[in-house]
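Chemist: Sequence order for the protein chains is A and B. The first sequence runs contiguously to residue 531 in numbering that gives the first Met the number 0. The second sequence runs contiguously to residue 306 in numbering that gives the first Met the number 0. All C-beta atoms in this analysis are idealised placements derived from N, C-alpha and C, irrespective of residue type, glycine included. Quick caveat: nothing in here was measured; it's all calculated off a predicted structure. Below: one structure in structure tokens.
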Amino acid sequence: MAYRRFNLRAALLLGAVLVGSSPALAEAVLHRGNAGEPQTLDQAHTSINIEEFILKDLYEGLTIYDASGKIVPGAAETWDLSDDGLTYTFKLRGDAKWSDGSPVTAEDFAFSFRRVEDPKTAAGYANILYPIKNAEKVNKGEAQPTDLGVKAVDEKTLEITLERPTPFFLELLAHQTALPVSKASVEKNGADFVKPGTMVSNGAFKLVSHVPNDNLVVEKNPNYWDAANVKLDKVIFYPIDDQAASVRRFEAKEMDLVYNFSADQIDRLRGAYGDQVHVSPTLATYYYAFDTRQEPYSDVRVRQALSMAVDRDFLAKEIYSGSQIPAYSMVPPGIETYGEPAKADFSALSQLDREDKAIALMKEAGYGEGGKPLDIEIRYNTNPNHERVATAIADMWKNTFGATVSMVNLDVSSHYAYLQEGGKFNVARAGWVADYADAENFLALSLSSNKTFNYGHYESAEFDDLMKKSYEETDPAARSKLLHEAETLLMKDQPIAPFLTQADLWLVSGRVQGWHDNAANQHLSRFLSVSE
Amino acid sequence: MIAFVLRRLASAVPTLFIVVTISFFLMRFAPGGPFNLERPLPPATMENLVRTYQLDQPLWRQYATYVSNAVTGDFGPSYVYKDNSVAELIGKGLPYSMELGFYALLLALIGGVAMGTVAALRQNSALDFGIMSLATVGTTVPNFVVGPVLTLIFAIILSWLPAGGWGDGSLRFLILPMIALALPQLAVFARLTRGSMIEALHADHIRTVKAYGLPARVVVVTHAMRGAMLPVVSYLAPCAAALLTGSAVVETIFTIPGVGRYFVLGAINRDYTLVMGTVILIAIFVIVFNLLVDILYGLLDPRVRHD
Chain A
0 MAYRRFNLRA ALLLGAVLVG SSPALAEAVL HRGNAGEPQT LDQAHTSINI
50 EEFILKDLYE GLTIYDASGK IVPGAAETWD LSDDGLTYTF KLRGDAKWSD
100 GSPVTAEDFA FSFRRVEDPK TAAGYANILY PIKNAEKVNK GEAQPTDLGV
150 KAVDEKTLEI TLERPTPFFL ELLAHQTALP VSKASVEKNG ADFVKPGTMV
200 SNGAFKLVSH VPNDNLVVEK NPNYWDAANV KLDKVIFYPI DDQAASVRRF
250 EAKEMDLVYN FSADQIDRLR GAYGDQVHVS PTLATYYYAF DTRQEPYSDV
300 RVRQALSMAV DRDFLAKEIY SGSQIPAYSM VPPGIETYGE PAKADFSALS
350 QLDREDKAIA LMKEAGYGEG GKPLDIEIRY NTNPNHERVA TAIADMWKNT
400 FGATVSMVNL DVSSHYAYLQ EGGKFNVARA GWVADYADAE NFLALSLSSN
450 KTFNYGHYES AEFDDLMKKS YEETDPAARS KLLHEAETLL MKDQPIAPFL
500 TQADLWLVSG RVQGWHDNAA NQHLSRFLSV SE
Chain B
0 MIAFVLRRLA SAVPTLFIVV TISFFLMRFA PGGPFNLERP LPPATMENLV
50 RTYQLDQPLW RQYATYVSNA VTGDFGPSYV YKDNSVAELI GKGLPYSMEL
100 GFYALLLALI GGVAMGTVAA LRQNSALDFG IMSLATVGTT VPNFVVGPVL
150 TLIFAIILSW LPAGGWGDGS LRFLILPMIA LALPQLAVFA RLTRGSMIEA
200 LHADHIRTVK AYGLPARVVV VTHAMRGAML PVVSYLAPCA AALLTGSAVV
250 ETIFTIPGVG RYFVLGAINR DYTLVMGTVI LIAIFVIVFN LLVDILYGLL
300 DPRVRHD
């Protein structure tokens, strides 16, 4: 049925208007909905998952996520790590080739990484590769790109030296910023290397055409080392920023995959499409930050009380129709190297008990009924779901503490600009989606040295110290323990109140095979196929 | 006539300049910038970006650079769609918006004038009432409702037409967005035509030609229509400018790769150059269509002459 578009296109040429003949070519085409138009196809400038889905089909990094979201070898076949944890030696696949047939070399990777760190490139995610020796200095213009700790030992051997042991480095290499570019192509074509007809890629697919806001077509790359196992001939990405519109195109059988639709559609879609509706917990946390610089939020008891009084089950079930999961930890579950996250101690209590305890804590702090008045302003970025959450929480705080709650919302840019520039607030909504599958990515947000993301200006020497130790620890188990201690402390102090672990919502048509839900939300088209 | 056109074109230059100046500074009053994302960038990255795009320069210098580049046809890079310049984005999208907008304009104009005329001739009949109710619905129901409803019926339930996309640009893909785009304008044309037609039919010169015993068809089409078209023609200018430069709502609902969405996206993303580009584009369309309509007016109404 999804071939109807093309049947009809052919039929139109014959002058017919509505025909349902069989397709001329039995080409395996995946119609892949994407949540919007990619802002760039340049690995140095990419920042959103709309681009990630496309770029990871076009290019292959040293490591990749497999169909189940696990890190496996990509363009690198094997690697060694020195005993001090500082030097990785990657052996590239002998048969790894670019789509123009030329070999993928260690120099291509070295060139790509230098390009990302070069301040002239102004790469948006340059910090992803900061663990590489001198990367931060190069990026800040304090060292030359040639000083970067990457070296092509020979055509197929790449040596990467790290600034300090980085236990999650292999995850970082699977980020879209770490995808390689062809040195020859970039040197020849400059910024135009991303354009169809010019782009040379080393992944399972190559770029054929791109009409902004209409579609982007990639087809199987015959030069890909594992081309024999790539079952799709073509993938068409449809950029649709209107969630309702993408659901309609799925229902009209024009698209096989739809990513992120409105949560209030879950029940209806489940009724109509059953197990084609996928709700998959992801590495993303929805939280509120308290401005710890100001009274009364500088008081840990107030923060704990406010956090406890929020009925997370209500938010998850009533507002998100079960598309999000109640969270009591900053780090979401599903990270292999971390295991079960360290939850706030009140998670063990029932909501009623939490409320009693919250009232007692608030009283102790001298606020709320019978104490100083509690005036709270919630800031959030304009979005119907965030508004519903804020309204519900305001209600909970009103009922529990007799607080007066007001709400302010700004568009995304303004909201985050305000927080980033150190603007004062009471309580502010924020969300964090993992850049790489490691607990550090979530916990580092609350470091006192993190001027950008530590919105509430939480300062704890003990927390900073535990994190510092975790960076120096090379033993994975000991490191995980340190991170758990840090999270336990963070959850006790509650400078941030995690509410929900977000879920990725996918519609996966019945003709798609090889789909596996995973917390990393990695779904390379290479592992998918379509049936008739 | 030629002198009139040249004079008008010359006066367009200061108009454009004022539009550019006001929008440039208004845009910068909005909090945040193109690189304040939901995920804030680290300071070092921000610094590199700001330097690369020269946003660290004083505002007056950025303005001077922008204007001097714009004069030479360089509207700068898009801050958000980094692989493209603003000129490229608009150049790629405009043909789609114009094609769709042109069809919608034809549909609105022909359909609206025909319906308005019929309603005027059958004034206060059931037909008149029906057409005017339809026109009221057309004006009041927004196209973000019309679009999805059309899709639901014709694409999902009946499976007759595609739910979205430009496809190969064939009529099948354009029918639904065209209707959604044309409907509100069609309603306006119908109401304008009906009103002015009723007035025209009661004018002295029409009574005279009727008295001469000319056939009703000639009276309406040749004589009354000419006068009745004047308000329709005045509305044609803003309507054509709006339809041909695309609609953010219709383009988003139907995934049309046009330029209409860039104005809204640009503003939300603080993509300064993209907003400026679309402002200039719309300003040019408004200026050109106002000029065309003034010329047309001169041809239709003997009282208006451009010497």
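1. May I ask you to list the residues that DSSP assigns as paired with Val287 (chain B)?
2. Just tell me which of B:Asp82, B:Pro13, B:Ser77 and B:Phe28 has its CA closest to the CA of Val70 (chain B).
3. Interface residues of chain B around Asn138 (chain A) at Cβ under 8 Å?
4. Whose Cβ in chain A lies nearer than 7 Å to the Cβ of Val79 (chain B)?
5. State buried or exposed for Gly137 (chain B), treating a residue as buried only when at least 16 other CB atoms are found within 10 Å of its CB.
6. Within this structure, are the beta carbons of Arg114 (chain A) and Ser524 (chain A) separated by less than 8 Å?
7. Please confirm if Gln42 (chain A) has its CB atom under 8 Å from at least one CB of chain B.
8. Report the three-state DSSP secondary structure of Gly32 (chain A) (helix, strand or coil).
9. Could you say if the segment 97-114 of chain A and the segment 149-156 of chain A meet the contact criterion of at least three C-beta pairs nearer than 8 Å?
10. Could you work out which residue in A:Val330, A:Pro280, A:Arg302 and A:Ser412 is closest to Lys356 (chain A) when comparing CA atoms only?
11. For a contact defined as C-beta to C-beta under 7 Å, what are the partners of Val193 (chain A) on chain B?
12. Looking only at C-alpha atoms, which of A:Glu339, A:Lys69 and A:Pro494 sits nearest to Thr291 (chain A)?
13. Using CA atoms only, rank isn't needed, just tell me which of A:Tyr223, A:Tyr285, A:Asp213 and A:Pro280 is closest to Phe253 (chain B).
14. Would Ile252 (chain B) count as contacting chain A if we go by Cβ distances under 8 Å?
15. Taking C-beta pairs closer than 8 Å, name the residues in chain A that Leu88 (chain B) reaches, listed in chain order.
16. What first and last residue would you give for the alpha helix (DSSP H) that runs through Leu243 (chain B)?
17. Which of helix, strand or coil does DSSP assign to Ser530 (chain A)?
18. In the DSSP assignment, find the unbroken alpha helix (DSSP H) run with Ala199 (chain B) in it and report its ends.
19. For Leu57 (chain A) versus Ser184 (chain A), is the C-beta spacing smaller than 8 Å?
20. Checking 8 Å against the spacing of the C-beta atoms, do Gly111 (chain B) and Thr192 (chain B) come in under that value?
21. List the residues of chain A that Pro176 (chain B) touches, going by C-beta distances under 9 Å, in chain order.
22. How long is the line joining the alpha carbons of Glu98 (chain B) and Val388 (chain A), rounded to whole angstroms?
23. What are the boundary residues of the beta strand (DSSP E) that His209 (chain A) is part of?
24. Quick one: does Asp516 (chain A) have its CB under 8 Å from some CB of chain B?
25. If Val79 (chain B) sits next to Ala282 (chain B), beta carbons under 8 Å apart, how far is it from one beta carbon to the other, in whole angstroms?
26. Apply the 10 Å Cβ neighbour rule to Phe307 (chain B) and answer buried if 16 or more other Cβ atoms are within range, or exposed otherwise.
27. Give the DSSP-derived three-state secondary structure of Thr71 (chain B) in the structure shown.
28. Taking the alpha-carbon of Phe101 (chain B) as reference, which of B:Asp300, B:Leu242 and B:Val232 has the nearest alpha-carbon?
29. Whole-angstrom Cβ separation of Ala173 (chain A) and Gly100 (chain A), contact assumed at under 8 Å?
30. Using C-beta distances below 6 Å, list every residue in its chain close to Glu186 (chain A), excluding the 5 sequence neighbours before and after it, in chain order.
31. Residues of chain A with CB closer than 7 Å to the CB of Thr150 (chain B), please, in chain order.
32. Sorted by chain position, which residues of the same chain lie with C-beta nearer than 7 Å to Pro161 (chain B)'s C-beta, five sequence neighbours on each side aside?
33. Looking at C-alpha atoms only, which residue of A:Asp225, A:Ala251, A:Gly35 and A:Arg269 is the closest neighbour of Gly93 (chain A)?
34. Please list the partners that Arg190 (chain B) has in chain A, where partner means a Cβ-to-Cβ separation under 7 Å.
35. Could you tell me the alpha carbon to alpha carbon distance between Ser132 (chain B) and Gly163 (chain B), rounded to whole angstroms?
36. Taking C-alpha atoms, which residue in A:Gln323, A:Tyr417 and A:Asn380 lies nearest to Asp503 (chain A)?
Modeler: Taking the structure as given:
1. Answer is none; Val287 (chain B) lacks a bridge partner.
2. Minimum Cα distance to Val70 (chain B) is reached at B:Pro13.
3. In chain order: Ala43, Thr44 and Asn47.
4. Think of a sphere of 7 Å around the beta carbon of Val79 (chain B): the chain A residues whose beta carbon falls inside it are Gln38, in chain order.
5. Buried is the call here.
6. Contact flag unset, no.
7. At a cut-off of 8 Å between C-beta atoms, Gln42 (chain A) does not count as an interface residue with respect to chain B.
8. The answer is strand: DSSP assigns Gly32 (chain A) an E or B state.
9. Touching, yes.
10. Closest by C-alpha distance to Lys356 (chain A), out of A:Val330, A:Pro280, A:Arg302 and A:Ser412, is A:Arg302.
11. Those within 7 Å of Val193 (chain A) in chain B are Asp82.
12. Minimum Cα distance to Thr291 (chain A) is reached at A:Pro494.
13. With distances taken between Cα atoms, Phe253 (chain B) lies closest to A:Asp213.
14. Judged by the 8 Å Cβ criterion, Ile252 (chain B) is in contact with chain A.
15. Going along chain A in sequence order, the residues near Leu88 (chain B) (Cβ under 8 Å) are Pro211.
16. For Leu243 (chain B), the enclosing alpha helix (DSSP H) stretches over residues Met224 to Leu243.
17. Ser530 (chain A): coil per DSSP, three-state reduction.
18. In this chain, the alpha helix (DSSP H) harbouring Ala199 (chain B) covers Leu170 to Leu200.
19. Not closer than 8 Å, so no.
20. It is a contact, given that the beta carbons lie within the stated cut-off.
21. Those do not exist, as Pro176 (chain B) stays about 11 Å from chain A at its closest Cβ, beyond 9 Å.
22. Between Glu98 (chain B) and Val388 (chain A), the alpha-carbon positions lie close to 43 Å from each other.
23. Its beta strand (DSSP E) spans residues Phe204 to Val210.
24. Against chain B, the CB of Asp516 (chain A) has no partner CB under 8 Å away; the residue lies outside that interface.
25. In this structure Val79 (chain B) does not touch Ala282 (chain B) by the C-beta definition: roughly 22 Å separates them, more than the 8 Å allowed.
26. Residue 307 (chain B) lies beyond the residue range present for chain B, which begins at 0 and ends at 306; the question has no answer from this structure.
27. DSSP places Thr71 (chain B) in coil when its eight states are reduced to three.
28. For Phe101 (chain B), the nearest C-alpha among the options comes from B:Leu242.
29. Rounded to the nearest angstrom, the Cβ distance from Ala173 (chain A) to Gly100 (chain A) is 25 Å, too far for a contact under 8 Å.
30. Excluding sequence neighbours, Glu186 (chain A) sits near nothing in its chain.
31. Scanning chain A for C-beta atoms nearer than 7 Å to the C-beta of Thr150 (chain B) yields Arg247, reported in chain order.
32. If you ignore the 5 residues before and after Pro161 (chain B), its C-beta comes within less than 7 Å of the C-beta of Ala154, Arg171 and Phe172, all in its own chain and listed in chain order.
33. Checking every option, the nearest Cα to that of Gly93 (chain A) belongs to A:Asp225.
34. Within chain A, no residue comes near Arg190 (chain B); the closest Cβ sits about 30 Å away, beyond 7 Å.
35. A straight-line Cα-Cα distance of about 29 Å links Ser132 (chain B) and Gly163 (chain B).
36. Residue A:Gln323 is the option with its Cα nearest to Asp503 (chain A).
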